[in-house]
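All the letters of the sequence shown, read from the start, carry residue numbers 2 to 188 under this note's numbering. The C-beta atom is built at its ideal place from N, Cα and C for all residues, glycine as well. Take a look at the structure below.
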Amino acid sequence: MIANAPYIESCVYDYFSTPIINEYIINASENENCIDDSTLFFLNAYKDREYHTSSTEEIIDKEQSISRQIGDFTKVQTFIKNAPKVFASSSEQFVITAFEEMRNGLMQLSLDLLFTDISQEEECLFMYGQKKDVKIFFNLFFEENDVETLVNISTPNGKYVIEDNIENSIQRVFKIFQAEGLYGNLS
């Protein structure tokens, strides 16, 4: 008996993970009670893959996250095109790299709300986030392939202002979130 059925295979390549739908063929006779490795053949098999099992919910969450990330990058590219003054002659790749560093750092905070926008008056790209009663504005100011950050955090216990590079600003935001009791121990 030969059966063909689709399955979802998660493959991790260099920098991204993507589900690939393949078919598998099971070749078993009526007398066989079990299927061993020799009776299972995969089409489109590649070497050096990393396999892991994912639930349907995990796959949907991952795909939605990737879709949001693509949407954010597309939004930033649109900002660069429509408001070049905000980015002060910085290259598109530099702006996207800085944005990605900011976004990835803020995503680790598991904020309830997070969105990206630009302020043409302030000439900055920013992300606004919120978790419980804590609000955060993470601003990026560009000047010819250089970036400065200004982070404003409002909590029930007070307000914080951070002016530093992106990495240090993210670390300080984590410390503030810890101090506010939004997280246990963060490393």
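Counting only the Cα atoms, valine 96 lies some 9 Å from glutamine 78. Of the candidates Lys133, Gly72, Glu145, Ser91, the residue whose Cα lies closest to the Cα of arginine 104 is Gly72. Looking from the CA of lysine 160, the closest CA among Val135, Glu144, Glu102, Ile67 belongs to Val135. Take leucine 112, set aside five residues on each side of it, and the residues of its chain with a beta-carbon closer than 8 Å to its own are Gly130, Gln131, Lys132, Ile137, in chain order. When secondary structure is reduced to three states using DSSP, asparagine 153 falls in the strand class. Using a Cβ distance threshold of 8 Å, cysteine 125 and valine 152 do not count as a contacting pair.
Around the C-beta of phenylalanine 143, 16 or more other C-beta atoms lie within 10 Å, and the residue is accordingly described as buried.
Residue environment for valine 162: exposed (fewer than 16 other C-beta atoms within 10 angstroms of its C-beta). DSSP, reduced to helix, strand and coil, places asparagine 105 within a helical segment of the structure shown. Counting other Cβ atoms within 10 Å of its Cβ, alanine 180 stays below 16 and is therefore classed as exposed.
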